[in-house]
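Asks: Have a look at this one.
Shown next, in the form of structure tokens:
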């Protein structure tokens with residue numbers, strides 16, 4: 001690998017990192033608004049079944065954890081994983097607050113879509129774990145409560161309990177959606193890095209063209225002393241050097 005290639009690769013990486021950093025900053029602002037909105041939504045629905053304690057304690061804890069992490073680890077990926085887990089916990093909170101209302105499960109997919117903005121497929125992992133653990137534990141507890149006739153009420157589904165077949169299909173479809181979100185995030189990240197490489201390539205071509213035009217202007221004015229430094233990827237620069245040598249030779253013969 002030539003020094004010029006190394007320089008170009010380093011520029012590619014620098015541009016990509018700059019783009020990714022801007023994307024993270026934008027995504028963090030979006031997540032800020034959504035998590036605050038989640039907390040407010042929890043307070044709004046708390047009046048339905050008097051779940052104020054859950055709305056304030058769980059929602060407040062998630063907000064505090066997110067913003068403290070953001071303060072302690074600015075610019076890192078840790079905040080992405082905390083945000084991912086937080087939207088998953090909020091999903092579980094809303095399901096509980098609305099006594100297993102089926103529509104509250106859709107917050108899992110809203111969270112997965114939000115995580116795409118980070119363009120980091122790994123950001124889906126904490127959300128996935130929270131969903132799986134929540135559904136497994138609370139689904140089992142509701143099933144146990146219904147089949148044993150205990151008075152303990154577990155709010156996971158509006159059904160008396162979710163049978164195993166329904167539970168498996170439910171989780172399977174959720175995993176598919178999360179997997180698709182991972183693919184989208186990975187593809188967006190790849191495209192961002194491709195755009196960075198394209199920008200660097202265009203910049204390099206523009207710089208070379210500018211130097212070649214200046215050098216051609218010197219040759220046109222009869223200045224043959226300077227030698228243009230070219231690399232193997234600059235055929236026009238090499239051609240201009242050959243023209244200069246021929247012009248210099250012709251000038252020497254004429255003298």
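Residue numbers (UniProt numbering): 1 to 255.
A virtual CB, placed ideally from N, CA and C, is assigned to each residue, including glycine.
Please read these numbers as outputs of a predicted model, since none were measured by experiment.
For the alpha helix (DSSP H) containing residue 93, name the first residue and the last one.
Replies: Counting from one through the chain shown, the residue named residue 93 turns up at place 93. Start and end: 78-97.
Asks: Helix, strand or coil, according to DSSP, for residue 75 in the structure here?
Replies: As a first step, residue 75 must be located in the chain shown, where it is residue number 75. Coil.
Asks: Across the stretch 180-189 and the stretch 111-123, are there enough close Cβ pairs to call them in contact, namely three or more that are closer than 8 Å?
Replies: As far as the Cβ criterion goes, the stretch 180-189 touches the stretch 111-123, which means the pair count is three or higher.
Asks: Can you grab the Cα-Cα spacing for the pair residue 189 / residue 15, in whole Å?
Replies: The residue you call residue 189 lines up with position 189 of the chain shown. The residue you call residue 15 lines up with position 15 of the chain shown. Their Cα atoms are separated by approximately 13 Å.
Asks: Just the C-alpha distance for residue 200 and residue 21, rounded to the nearest angstrom, thanks.
Replies: By 1-based counting over the chain shown, the position of residue 200 is 200. By 1-based counting over the chain shown, the position of residue 21 is 21. Approximately 17 Å between the Cα atoms of the pair.
Asks: Is DSSP giving residue 4 helix, strand or coil here?
Replies: Your numbering for residue 4 matches position 4 in the chain shown. Low confidence applies here, because residue 4 scores a pLDDT of 49, under 50, leaving its location unreliable and the question unanswered by this model.
Asks: Is residue 49 closer than 8 Å to residue 97 when the C-beta atoms are compared?
Replies: Within the chain shown, numbered from 1, the residue matching residue 97 stands at position 97. Within the chain shown, numbered from 1, the residue matching residue 49 stands at position 49. For residue 97 and residue 49, yes; Cβs fall inside 8 Å.
Asks: Measure the C-alpha to C-alpha separation of residue 175 and residue 51 and round it to an integer number of angstroms.
Replies: If you number the chain shown from 1, residue 175 lands on position 175. If you number the chain shown from 1, residue 51 lands on position 51. The straight-line gap from Cα to Cα measures roughly 29 Å.
Asks: Identify every run of the alpha helix (DSSP H) within the stretch 123-207, keeping only runs that are complete inside it and at least 4 residues long; order them along the chain.
Replies: 124-148
Asks: On the CB-based measure, 16 or more other CB atoms within 10 Å of its CB, does residue 191 come out buried or exposed?
Replies: As a working note, residue 191 is residue 191 in the chain shown. Exposed, by the Cβ-count rule.
Asks: Please confirm if the stretch 110-119 is in contact with the stretch 55-73, defined as three or more CB-CB distances below 8 Å between the two stretches.
Replies: no
Asks: Starting from residue 113, follow the alpha helix (DSSP H) in both directions and report where the run begins and ends.
Replies: For the purposes of this step, residue 113 is taken as the residue at position 113 of the chain shown. Segment 107-116, the alpha helix (DSSP H) holding residue 113.
Asks: Classify residue 311: buried if its beta carbon has 16 or more other beta carbons within 10 angstroms, exposed otherwise.
Replies: With the chain covering 1 to 255 only, the question about residue 311 has no answer from this structure.
Asks: Report the rounded CA-to-CA distance for residue 194 versus residue 146, giving the unit in angstroms.
Replies: What you label residue 194 is simply residue 194 of the chain shown in a count that begins at 1. What you label residue 146 is simply residue 146 of the chain shown in a count that begins at 1. Going by the C-alpha atoms only, they are around 54 Å apart.
Asks: Determine the direct distance from the alpha carbon of residue 100 to that of residue 127, and round the result to whole angstroms.
Replies: Here residue 127 is taken as the residue at index 127 of the chain shown, counted from 1. Here residue 100 is taken as the residue at index 100 of the chain shown, counted from 1. Rounded to the nearest angstrom, the two C-alpha atoms are 19 Å apart.
Asks: Give me the Cβ distance between residue 106 and residue 38, rounded to the nearest whole Å; I'm assuming they're in contact under 8 Å.
Replies: What you label residue 106 is simply residue 106 of the chain shown in a count that begins at 1. What you label residue 38 is simply residue 38 of the chain shown in a count that begins at 1. Taking the Cβ atoms as the reference, residue 106 lies roughly 13 Å from residue 38, outside the contact range of under 8 Å.
Asks: Taking all protein chains shown into account, decide if residue 252 is buried (16 or more other Cβ within 10 angstroms of its Cβ) or exposed.
Replies: Locating residue 252 in the chain shown gives position 252, where the first residue counts as 1. In this prediction, residue 252 has a pLDDT of 49, which is less than 50 and means its spatial position is unreliable; what the coordinates show is noted afterwards. Exposed, since its Cβ has fewer than 16 Cβ neighbours within 10 Å.
Asks: Please confirm if the stretch 132-144 is in contact with the stretch 78-95, defined as three or more CB-CB distances below 8 Å between the two stretches.
Replies: yes
Asks: Within this structure, are the beta carbons of residue 82 and residue 69 separated by less than 8 Å?
Replies: As a working note, residue 82 is residue 82 in the chain shown. As a working note, residue 69 is residue 69 in the chain shown. Going by C-beta atoms, residue 82 is nearer than 8 Å to residue 69.
Asks: Does DSSP put residue 69 in a helix, a strand or coil?
Replies: Translated into positions along the chain shown, residue 69 becomes position 69. Residue 69 falls in the helix class under three-state DSSP.
Asks: Expressed to the nearest angstrom, what Euclidean distance is found between the alpha-carbon atoms of residue 210 and residue 198?
Replies: Taking the first residue of the chain shown as 1, we reach residue 210 at position 210. Taking the first residue of the chain shown as 1, we reach residue 198 at position 198. Rounded to whole angstroms, residue 210 to residue 198 spans 18 Å at the Cα level.
Asks: Can you tell me whether residue 17 is buried or exposed? The criterion is at least 16 other CB atoms within 10 Å of its CB, across all chains shown.
Replies: Within the chain shown, the letter at position 17 stands for residue 17. Classification of residue 17: exposed, given that the 10 Å Cβ count is below 16.
Asks: In angstroms, rounded to a whole number, what distance separates the CA positions of residue 56 and residue 19?
Replies: Taking the chain shown and counting its residues from 1, one reaches residue 56 at position 56. Taking the chain shown and counting its residues from 1, one reaches residue 19 at position 19. Taking the straight line joining both Cα atoms gives about 37 Å.
Asks: Can you tell me which of 79, 73, 163 and 40 puts its alpha carbon nearest to the alpha carbon of residue 115?
Replies: Along the chain shown, read from residue 1 onward, the residue named residue 115 stands at position 115. For residue 115, the nearest C-alpha among the options comes from 79.
Asks: Please report how far the alpha carbon of residue 43 lies from the alpha carbon of residue 196, in whole angstroms.
Replies: For the purposes of this step, residue 43 is taken as the residue at position 43 of the chain shown. For the purposes of this step, residue 196 is taken as the residue at position 196 of the chain shown. Cα to Cα, the separation comes out at about 43 Å.
Asks: Is it buried or exposed, residue 64, if we count other Cβ atoms within 10 angstroms and call 16 or more buried?
Replies: Within the chain shown, the letter at position 64 stands for residue 64. With fewer than 16 Cβ atoms within 10 Å of its Cβ, residue 64 is classed as exposed.
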